[in-house]
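Protein chains in written order, with the working numbering: chain B, -18 to 265; chain A, 152 to 329.
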């Protein structure tokens, strides 16, 4: 009889094991990285924490038209444009390199961008961190050919750290401390080095359209007439392409230009309408 | 006393009568209709599956972010715009064989009925599964078609002529006894 009781007791315990099959599958979710903190590798002018995927070549063509306040004769700026063409390639999951040409001061550029940290969905890092380093070479004719002009005077550099967090499906925010060095400045009063803090935001309005904003605060403006860069725009995704349409007070599309040499004033309508169109090609 | 020990030993073998098989590396592959311009295909080889041969119940659990595509942009679009994997991180299927599986030493074709929970929508589904049990490894294969429209996955008009509504799904699982 005693044996039977024990038997009954033990069999009940094996019946409990017959529970829901799902409990067997339940494990801690593997730690996953958030995706698409920003849609593009740029928020508007400035870099975002995103990189082209490994083995992908990203081709971006950008335009900034003339100032909107230039009036009907210039068709509010549409008759003139600055442009930038760039190719970025994802060398690995965490590193991308790029080359570009800007019509602004006929500038060539080369850059390297690295993911240092990725925000995780559940446990782990709360932010994504990416570094960006670029060198710019202007090839514009010397303003003063009589002077002894050195090639090194054409060079400037940008070093940035982008720290971003995707708060939810819709909202991502980014801070980008930036350091610009210019080998040559026109006036003694100008600094060769300057620091700025970039702020970027993305708010997803629909699955394929987001509103973006970006501001670069300069801690010490190199010249009085230079202003802080402020841009507002939309990202529109159409499958293979990302269209970014925006209004900005910066006409230059590379860091040492839009962080340090923005002259447009929002208050006076010195604004440039512009767009970035990016297309990704898989090279496997 | 000897009898008692024997009995306990016997009872402790009891759980092994529960015919449960499990894996965490089943493979789910999907392919959009070949007629469509944009071929969408992806594989997930980290799918969890459990089958209980005693009562014919089975369960699958699929992490959406573990689907991998050849084209990174497609993978991003899949997660961000179609299956919304941050809102709905996993899909599950919970069901049962209509007839209890037997004679699995040769491959059997069996019908499964159950509920697919995918993209926040539950839907009853039936499909057939081939099943065999060789050397304590339960091998199952299934193929069925899902309609994006059944699970609230919108295909924007702009790409409606490029993407198919019907998705062919293939499942291959090798489950081990637990």
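From the three backbone atoms N, C-alpha and C, an ideal C-beta is built for every residue, glycine too.
Check: Does DSSP put residue 87(B) in a helix, a strand or coil?
Finding: helix
Notebook entry, point to check: Hey, is the stretch 254 to 261 of chain B in contact with the stretch 174 to 188 of chain A, meaning 3+ C-beta pairs nearer than 8 Å?
Noted result: no
Checklist line | Anticipated Cβ contact below 8 Å, residue 247(B) with residue 211(B), distance rounded | finding: 6 Å
Next item on the list: Mind listing the chain B neighbours of residue 173(A)? Cutoff is C-beta to C-beta under 8 Å, in chain order.
Entry: Within 8 Å Cβ-Cβ: 5 and 6.
Note to self: Rounded to the nearest angstrom, what separates residue 282(A) and residue 270(A) at their Cα positions?
What the structure shows: 28 Å
Check: Taking Cβ to Cβ, would you say residue 238(A) is nearer than 8 Å to residue 248(A)?
Finding: no
Checklist line | Contact set between residue 16(B) and chain A, taken where Cβ atoms lie within less than 7 Å | finding: 227, 230 and 231
Checklist line | Under 9 Å (Cβ pairs) to chain A, residues found in the stretch 31 to 52 of chain B | finding: 33, 34, 35, 36 and 37
Item checked: residue 207(A) beta carbon less than 8 Å from that of residue 252(A) -> yes
Next item on the list: Give the straight-line distance between the Cα atoms of residue 215(B) and residue 265(A), rounded to the nearest whole angstrom.
Entry: 44 Å
Next item on the list: In the DSSP assignment, find the unbroken alpha helix (DSSP H) run with residue 226(A) in it and report its ends.
Entry: 223 to 228
Note to self: Can you tell me whether residue 249(B) is helix, strand or coil according to DSSP?
What the structure shows: helix
Notebook entry, point to check: If you check the beta carbons only, do residue 241(B) and residue 262(B) fall under 8 Å apart?
Noted result: no
Next item on the list: Please name the residues in the stretch 176 to 199 of chain A whose beta-carbon is closer than 7 Å to at least one beta-carbon of chain B, in chain order.
Entry: 199
Next item on the list: Express the C-alpha separation of residue 186(B) and residue 160(B) in angstroms, rounding to a whole number.
Entry: 32 Å
Next item on the list: Residues of the stretch 199 to 223 of chain A with a CB closer than 9 Å to any CB of chain B: list them in chain order, please.
Entry: For the stretch 199 to 223 of chain A, residues whose beta-carbon sits nearer than 9 Å to a beta-carbon of chain B comprise 199, 200, 201, 202, 203, 205, 206, 208, 209, 210, 211, 212, 214, 216, 217, 221, 222 and 223.
Margin query: So that I know if they touch, is there some Cβ in chain B lying closer than 8 Å to that of residue 237(A)?
Written below: yes
Check: Beta-carbon separation of residue 204(B) and residue 171(B) under 8 Å?
Finding: yes
Note to self: Considering Cα atoms alone, identify which of 280(A), 243(A) and 267(A) is closest to residue 250(A).
What the structure shows: 280(A)
Next item on the list: Consult DSSP for residue 51(B) and reduce its assignment to one of helix, strand or coil.
Entry: Correct three-state label for residue 51(B): helix.
Next item on the list: Using the DSSP secondary-structure output, state which residues sit across from residue 215(A) in a beta bridge.
Entry: DSSP output for residue 215(A) lists no bridge partner at all.
Next item on the list: Let me know the secondary structure DSSP gives residue 118(B) once reduced to three states.
Entry: strand
Next item on the list: Name the one or two DSSP bridge partners that residue 269(A) has.
Entry: 272(A)
Notebook entry, point to check: Among residues of its own chain, excluding the 5 on either side of residue 178(A), which ones have a beta-carbon nearer than 6 Å to its beta-carbon?
Noted result: 196 and 323
Note to self: Beta carbons nearer than 9 Å to chain B: which residues of the stretch 286 to 308 of chain A have them?
What the structure shows: 305 and 307
Check: Taking just the CA atoms, how far does residue 222(A) sit from residue 192(A)?
Finding: Roughly 9 Å between the two C-alpha positions.
Notebook entry, point to check: Going by beta carbon distance, what residues of the same chain come within less than 6 Å of residue 239(B), once the five residues before and after it are set aside?
Noted result: 26, 210, 231 and 233
Check: Do you know offhand how far residue 50(B)'s Cα is from residue 58(B)'s?
Finding: 8 Å
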